[in-house]
Ligand code: ADP
Ligand code: ZN
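Numbering (my numbering), first residue to last: 207 to 942.
Written as structure tokens, this is what we have:
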């Protein structure tokens, strides 16, 4: 029996050593309660058992073991370690996202941790001796429904859970009385019999893609399915999913944002039954804990649809991970640690589990696309929409020319207005896209140029008309809309630029008859609100939907024949190296929402820079990808280098600047010209804290593990030699 245990706590700290009490049985992977700090009791995970006493003083005892089986398997522990190592954080920080909060709760001593209890279910067993000969025939003639139900039990091997026997309770009791069946009880078992017949037949193009992916997965652990919107990627996934489930393996279907996937979950439940598990961070802690512990004690054969946190569930035999919309930047956790990318972690988890990973997208990330081209992943390309629906035509509308000709009204060019009038007359639907929420992104005084700014962040306040507020989109600070300029006190502040709220107001003014809905962060405040809005639009209870990015995600509106993109320019002007890739993906994704079987859809993009090369290439993925990849290569960006961004934050500027200069120097000693900065980011103050950034670019050919180790070392060195109070250092690996 080992005397000590290294225990991971949900903190940004390494594992601590605790003493294993006399006679206490502790296993690696067990959740235990331990006291840490003065009065807090934490749940920790036993990471290692050994006999070496800690160097510093006495080890506190483990208070108790919390569950009757370890919470983590060996494989899960290796996965947590990989995330901590790759994304430069502690295993304890991985624990924070990996386990439901009810399991890892910090508590006071006396508080009981909820013990795990398996669910029970009623079973119906056939009494085979009774269901023979004349009795059997009699039943077949006189009570065909009962007869069929009994046959179904017989075929299933003599036993079925109650909910699978399609008979009313009174009928079942009658069968029990006459000795045909016996009722029993057992631990609840997840449904592992997946439908085999209801999947739609794949079209010829889809079959080819299926075969290519299948072949790709024989020699690679991941494959990329690139298919235009509505080409049937989801249908293809379901065929792979069915295959794995019927072999008794676990399947994970990852989506970028779970609140946006009601349509998908419904579709999966329709195909695979009610036992599709939905797992994401918006479930209550209790629900998440229940799902986790249920899965811990179930056999394999689970089907989980989930957001990135579903990667941490206790799969027994993971066979397949599908990463839908793999290009989506919401796969990356940007705050707090671990700042991991769910897509990349999925590929790793699949590789560690001996499972396969399918990445799917209409607009793959350049990283995945490059991996597919270089033969690192399997690959298949689907270029036609299912049922021969054509992709929409794209029209570029020159805003400057419209202004010159006096044809622009409010925020709309003539081409777009004519299009909208046309569609409304035809009883068709329109989507208007603007990537800013609120009324206007800033308020300006026309006389002195004063703009209202957030007192805590270095950004403008956005006007939100309905709430009568000016709001900071970074920290949430707000104040009432200013009427008069506080600086020169002569003029009213004017709203500059436009957000979705202002678009909604303008379109209503221009088309008073039209029914307009708005979908953005202010109206879709919960998934219920979100579902209400898209539900109403899908039922054609509105003619026009105004929205932000949200509308580009996985929605399918058959009635939409026109999409207006109100300002293509501000998509392209963001200041980071992914701006163009993201703008173009967004344009294609939004465009993919238009068109139906009988009418070809149209997309109108308003821009002041119609000659920008991106517009002439929008529909041509390979051309755009080749152009962007060439630029990335030339200027040294992913996928040709890996970027780590080190952000230093503090309320005290001087100390921050001195520390960042020193860290820059330390890193330059080791990495030379691979270090950029320190520099002030575009928004250099958020929530009252100043920020400085250092970028590290590591060529893909050199050892990334070694680079991360050196970075950790140098940060440690800085910590030892500098006065470190009040400075936060954050590493973000593979920035998005
Ligand atoms: P994607 O995931 O590529 O956007 P979907 O799988 O959602 O495409 O397919 C788009 C639409 O076409 C859906 O309504 C889907 O049900 C239908 N569809 C695609 N393939 C088939 C098929 N083989 N049989 C019947 N319907 C299909
Ligand atoms: Zn702010």
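Even glycine gets a Cβ: it sits at the ideal position worked out from N, Cα and C. Being a predicted model, the structure only gives us computed values, none of them experimental.
Check: Contact set for residue 622: own chain, Cβ-Cβ below 7 Å, skip 5 residues either direction; Outcome: 603, 770, 810, 812
Check: Rounded straight-line distance, which links the Cα of residue 499 to that of residue 320; Outcome: With a pLDDT of 49 at residue 320, under the threshold of 50, the modelled position of this residue cannot be trusted; read the value that follows with caution. Cα to Cα, residue 320 sits roughly 11 Å from residue 499.
Check: Alpha carbon of residue 649 to alpha carbon of residue 942, nearest angstrom; Outcome: 30 Å
Check: CB-CB length for residue 526 against residue 455, believed under 8 Å; Outcome: 7 Å
Check: Any heavy atom of the ligand ZN within less than 5 Å of residue CB: hits in chain order; Outcome: 660, 662, 663, 678, 680, 681, 683
Check: Under 9 Å between C-beta atoms of residue 389 and residue 441; Outcome: no
Check: Proximity test, residue 412 beta-carbon vs the ligand ADP heavy atom, cut-off 8 Å; Outcome: yes
Check: Supposed close pair residue 660, residue 680 - CB separation, criterion 8 Å; Outcome: 7 Å
Check: Contiguous beta strand (DSSP E) assignments of at least 3 residues, all confined to the segment 505 to 545; Outcome: 509 to 512, 524 to 530
Check: 8 Å contact criterion, which residue 286 and residue 297 should meet: CB distance rounded; Outcome: 5 Å
Check: Run of the alpha helix (DSSP H) containing residue 425, from where it starts to where it stops; Outcome: 410 to 425
Check: Beta strand (DSSP E) segments (min. 3 residues) lying fully within the segment 853 to 907; Outcome: 881 to 885, 895 to 905
Check: Backbone CA spacing between residue 348 and residue 378 [nearest angstrom]; Outcome: 16 Å
Check: Residue 649 - containing beta strand (DSSP E), residue span; Outcome: 648 to 650
Check: Top-ranked residue by Cα proximity to residue 385, from 343, 354, 336; Outcome: 336
Check: Straight-line gap, residue 567 to residue 827 (C-alpha atoms, nearest Å); Outcome: 12 Å
Check: The alpha helix (DSSP H) enclosing residue 469, as first and last residue numbers; Outcome: 468 to 478
Check: Euclidean distance between Cα positions of residue 919 and residue 876; Outcome: 11 Å
Check: Assigned secondary structure, residue 315 (DSSP; H/G/I helix, E/B strand, else coil); Outcome: Low confidence applies to residue 315: its pLDDT is 45, below 50, so where it sits in the model is not reliable, and the reading given next is rough at best. Residue 315: coil per DSSP, three-state reduction.
Check: Residue 457 beta carbon near the ligand ADP (any heavy atom closer than 8 Å); Outcome: no
Check: Endpoints, the beta strand (DSSP E) within which residue 702 is located; Outcome: 700 to 702
Check: Buried versus exposed call for residue 891 [16 or more other C-beta atoms within 10 Å across all chains shown]; Outcome: buried
Check: Cutoff 8 Å; reference residue 210; Cβ partners in own chain excluding five residues on either side; Outcome: 223, 224, 225, 226, 255, 256, 257, 258, 259, 260, 265
Check: Own chain residues within Cβ distance below 6 Å of residue 443, not counting five before or after; Outcome: 528
Check: Beta-carbon gap between residue 755 and residue 792 smaller than 9 Å; Outcome: yes
Check: Rounded straight-line distance, which links the Cα of residue 688 to that of residue 521; Outcome: 55 Å
Check: For residue 830 and residue 446, the rounded distance between their alpha carbons; Outcome: 30 Å
Check: Alpha-carbon to alpha-carbon, residue 366 and residue 710; Outcome: 55 Å
Check: Proximity test, residue 868 beta-carbon vs the ligand ADP heavy atom, cut-off 8 Å; Outcome: no
Check: Simplified DSSP state of residue 344, which is helix, strand or coil; Outcome: helix
Check: Closest residue to residue 450 among 427, 524, 413 (Cα-Cα distance); Outcome: 524
Check: Residues that DSSP places opposite residue 562 in a beta bridge; Outcome: 526
Check: Sequence ranges, beta strand (DSSP E) only - wholly within the segment 741 to 828, length at least 3; Outcome: 750 to 753, 766 to 771, 808 to 813
Check: Extent of the continuous beta strand (DSSP E) to which residue 303 belongs; Outcome: Careful: residue 303 lies outside any beta strand (DSSP E), inside the alpha helix (DSSP H) at 297 to 304.
Check: Cut-off 8 Å between Cβ atoms - residues of its own chain near residue 646, not counting five sequence neighbours on either side; Outcome: 668, 669, 701, 702, 703, 704, 705, 708
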